[in-house]
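K.L.:
Here it is, the structure, as structure tokens.
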Amino acid sequence: MILSNIETVPGKEITRFFGVVSGSTVRAKHIGKDIMAGFKNIVGGELKAYTELIGEAREDAIGRMVREAESLGANAVVNIRFSTSSVAQGAAELFAYGTAVTVE
Amino acid sequence: MKFDPSIPEDGINVSRTHPLREALLLVGGVAAIAIAVAVAAAVAVDLVAPHIPIELEVRLFSGWFDRGVEADEAVDPREQSLAKLLGRMAGHWPENPYAFEIAIWDIPEPNAVALPGGVIAVTDGLLENVESENELAFVLGHELGHFRNRDHLRGLGRGIAFSLLLVAVGVGGSSSAVELASLAGQFAQRGFDRDQEIEADRFGLALLAAEYGHVSGAEAFFEHLPELGGPLDGELASYYSTHPLNADRIQALRGMAHEMGWELRGERQPLLSLSPAR
Amino acid sequence: MVELGVRLGIPLALLVLAYFTGAAVERRHYASIRERELRWRSVPAITFRSVPPSWKVTECTLITGSVVISVDYFKRFLAGLRAIFGGRIKAYESLLDRARREALMRLKQKAVERGYHAIVNVRLETCRMANARNSESIAGLEVLAFGTAVKLRNAP
Ligand SMILES: [Zn+2]
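Chains as they are written, first to last, in numbering that gives the first Met the number 0: chain U, 0 to 103; chain S, 0 to 277; chain L, 0 to 155.
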């Protein structure tokens, strides 16, 4: 599966396009991380635990988007966008969407 | 470039776990953690509490729970007669290291508490509902039992450990998660509380027998207490959960009295000067 | 015992009620979404910023479709517990899935009703509407879908 966030896949031609495909996941961090992050908030700096968590979740969302594209018989998703939103206190949604296409 | 109107497979963005399975797993998990923390805290406190020096306890808590009577304020006469009765009861506990103080709380529900530092608090509701000196003597004896076993410190320690757990749950979870954890924790600590009450009853009963030569009044106290007051909530509800006024406890009292050869019947002393202060 | 019953009983009854009604509402919503997805499958909705070269566009306009969807008590309860352990909040996944597909369908419906043939540069935005009194729980989620609807001389 080829993924891109431009209109095309360079060097290939889009022969067929489908509709929007998307992948999403809602993740919560556990209390331990929450409390550690609370301490870290005093001094600032990167919250490694959260970086990891969000990164993992984003991979998860991309994976689901790819599965949707696969179920259509597409071989690429172009024009991919991400959006992250806080769904509830301590929970974030990672959302990825794009247009499924067949390239040759 | 051709458009293909296919629709992607349904349900890729939704986990297939059944919500009830998820609910069972989460509720079980939270309850298990709360019970584990509650039991661990109770065991740890039971290990530590007997080793806390009494001087340290008194120093730490002195002045926390007494009413802070102003110099010119008239002392409640009930307090004086209670202190006198308490002195008589404590007299049968020669190794008593505390200098006890009495506090009367303006609360309509019958209750009595042993507080860190040697303060025994009784409520208006209790004083208005006891019918003889013996009953009151048993309540005081029971609270003295809590002091002897350092139960007041245990209760405090478990309370602190438990509040910490609930705060931690509250940081991440919702209010219903806190409620669930507190229910599970209270359930786990119930057994510890019950054992303490029985032990305190045993001590109170021994003091009662030593003072009057019989234990009449102890049982009567439990028998008419359940009729008092209405449904309780909040802090007072914990009185009923930690002082379970049930047939079991009366049964246990009878057993103890029988075992020790204490007479359950006897002449009860009338109450003196315990009518509410004007 | 009575006190325990009140403390447990009311929330438990609410949970059971929320579980059954919530599941029924969700089932019905999904059925309606699937039906509309089939009905409007021939209307392309794509994230391309420009129209495919073969399309001859005669007219275009900005178009939006949005929905605010709320969480049932049972799901909120599950999410609250899940927040202790971390991980996927499965209870909210179907909520977002429904909201997003609903918003997209409303977008398509609007476009079709106004005589447009396709939507390009589709974007999706999610916004949480917090409860005014209790900021930790959510009152609802808004999903907004927007894009440029185009009228074609050679409709696909
Ligand atoms: Zn007691």
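Glycine residues also receive a C-beta, built at the ideal position from the N, C-alpha and C atoms. These numbers were taken from a predicted model, which means no experiment stands behind them.
Taking buried to mean at least 16 other C-beta atoms within 10 Å of its own C-beta, is S:PRO275 buried or exposed?
P.N.:
Because S:PRO275 carries a pLDDT of 48, less than 50, the predicted location of this residue cannot be relied on, and no value is offered for it.
K.L.:
Interface residues of chain L around U:GLU92 at Cβ under 7 Å?
P.N.:
Simply LEU95 and THR125.
K.L.:
Tell me the rounded alpha-carbon separation between S:PHE60 and L:THR125.
P.N.:
For S:PHE60 and L:THR125, the distance between alpha carbons rounds to 54 Å.
K.L.:
Can a CB atom of chain S be found closer than 7 Å to the CB of L:LYS55?
P.N.:
Closer than 7 Å: no.
K.L.:
Quick check: is the beta carbon of L:GLU92 nearer than 7 Å to any beta carbon in chain S?
P.N.:
Yes - at least one Cβ of chain S is within 7 Å of the one on L:GLU92.
K.L.:
Starting from L:ILE62, trace the beta strand (DSSP E) in both directions and tell me its first and last residue.
P.N.:
Element bounds for L:ILE62: 56-68.
K.L.:
Helix, strand or coil: which one does DSSP assign to U:MET0?
P.N.:
Looking at U:MET0 - three-state DSSP - the assignment turns out to be coil, as it is neither helix nor strand.
K.L.:
With a CB to CB cut of under 7 Å and the five nearest residues on each side skipped, what residues in its chain are close to L:GLY139?
P.N.:
For L:GLY139, where only same-chain residues beyond five positions count, the Cβ hits under 7 Å are VAL67, ILE68, SER69 and MET128.
K.L.:
When the Cα of U:ASN83 is compared with those of U:ALA60, U:VAL77 and U:GLY44, which residue comes out closest?
P.N.:
In the sequence as displayed, the identity of residue 83 of chain U is Thr instead of Asn. The shortest C-alpha separation from U:THR83 is found at U:ALA60.
K.L.:
Once the 5 residues before and after S:ILE197 are set aside, which same chain residues still bring their CB inside 8 Å of it?
P.N.:
Same-chain partners within the cutoff: ARG248 and ALA251.
K.L.:
For S:GLU104, which residues does DSSP report across the bridge?
P.N.:
A small fix is needed here, since residue 104 of chain S is Trp in this sequence, not Glu. Per DSSP, S:THR122.
K.L.:
Just how far apart, CA to CA, sit L:ILE9 and L:LEU16?
P.N.:
If you take the alpha carbons of L:ILE9 and L:LEU16, they lie about 11 Å apart.
K.L.:
Can you tell me where the beta strand (DSSP E) with U:VAL86 in it begins and where it stops?
P.N.:
75-87 is the span of the beta strand (DSSP E), which, as asked, contains U:VAL86.
K.L.:
Is the CB of S:GLU178 under 7 Å away from at least one CB in chain U?
P.N.:
Closer than 7 Å: no.
K.L.:
Assuming U:GLY89 and U:LYS47 make a contact with CB atoms under 8 Å, what is their CB distance in whole Å?
P.N.:
About 17 Å separates the two Cβ atoms, so there is no contact after all.
K.L.:
Whole-angstrom Cβ separation of L:LEU123 and L:ARG99, contact assumed at under 8 Å?
P.N.:
With 8 Å as the limit, L:LEU123 and L:ARG99 qualify as a contact, their Cβ atoms being about 6 Å apart.
K.L.:
Consider the Cβ of L:VAL121: report whether some Cβ of chain U lies at a distance smaller than 7 Å.
P.N.:
Closer than 7 Å: yes.
K.L.:
Please list the partners that S:ILE6 has in chain L, where partner means a Cβ-to-Cβ separation under 8 Å.
P.N.:
Correct list: GLU36, LEU37 and ARG40.
K.L.:
To the nearest angstrom, report how far apart S:VAL38 and S:GLN188 are at their CA atoms.
P.N.:
Rounded to the nearest angstrom, the two C-alpha atoms are 7 Å apart.
K.L.:
If you draw a straight line from the alpha carbon of U:ARG63 to that of U:SER21, how long is it in whole angstroms?
P.N.:
C-alpha separation (whole angstroms): 7 Å.
K.L.:
At least one CB of chain L closer than 7 Å to the CB of S:THR16: is that the case?
P.N.:
Yes, S:THR16 lies at the interface with chain L (some Cβ there is under 7 Å from its Cβ).
K.L.:
Is U:LYS32 helix, strand or coil when you go by DSSP?
P.N.:
Three-state result, U:LYS32: helix.
K.L.:
Helix, strand or coil for U:LYS18 per DSSP?
P.N.:
The sequence as given places Gly at residue 18 of chain U; Lys does not occur at that position. DSSP places U:GLY18 in strand when its eight states are reduced to three.
K.L.:
Tell me which same chain residues have a C-beta within less than 7 Å of the C-beta of S:ALA278, skipping the five on either side of it?
P.N.:
With chain S covering only 0 through 277, there is no way to say anything about residue 278 of chain S.
K.L.:
What is the C-beta distance between L:ILE83 and S:ALA176, in whole angstroms, given that I count them as a contact (C-beta under 8 Å)?
P.N.:
6 Å between Cβ atoms; contact.
K.L.:
So, does the region 101-109 of chain S touch the region 120-129 of chain S, judging by three or more C-beta pairs under 8 Å?
P.N.:
Yes: at least three Cβ pairs fall under 8 Å.
K.L.:
Looking at S:GLU108 and ligand 1, is the gap between the Cβ and the nearest heavy atom below 6 Å?
P.N.:
Flag unset: Cβ of S:GLU108 not near ligand 1.
K.L.:
Under 6 Å: does the beta carbon of S:ALA256 sit that close to some heavy atom of ligand 1?
P.N.:
S:ALA256: no, Cβ never under 6 Å from ligand 1.
K.L.:
Does any C-beta atom of chain L lie closer than 7 Å to the C-beta of S:ALA22?
P.N.:
Chain L contact via Cβ: present.
K.L.:
From L:TYR91 to U:GLY18, what distance separates their C-alpha atoms?
P.N.:
Cα-Cα distance, rounded: 24 Å.
K.L.:
So is L:THR46 in contact with chain U if we call contact Cβ pairs under 7 Å?
P.N.:
Yes - at least one Cβ of chain U is within 7 Å of the one on L:THR46.
K.L.:
Is S:GLU210 near ligand 3 - that is, is its Cβ less than 6 Å away from at least one heavy atom of it?
P.N.:
This structure simply doesn't include ligand 3; it includes ligand 1 instead.
K.L.:
Got a sec: is the Cβ-Cβ distance from L:GLY146 to anything in chain U below 7 Å?
P.N.:
By this cut-off, L:GLY146 is not an interface position.
K.L.:
One question on the structure: do L:ALA144 and L:GLY64 come within less than 7 Å of each other, judged by their Cβ atoms?
P.N.:
The answer is yes: Cβ separation under 7 Å.
K.L.:
Quick one: what's got a C-beta closer than 6 Å to S:GLY265's C-beta in the same chain, skipping five residues either side?
P.N.:
Excluding sequence neighbours, S:GLY265 sits near HIS213 and SER215.
K.L.:
According to DSSP, is S:GLY260 helix, strand or coil?
P.N.:
It is coil, neither helix nor strand.
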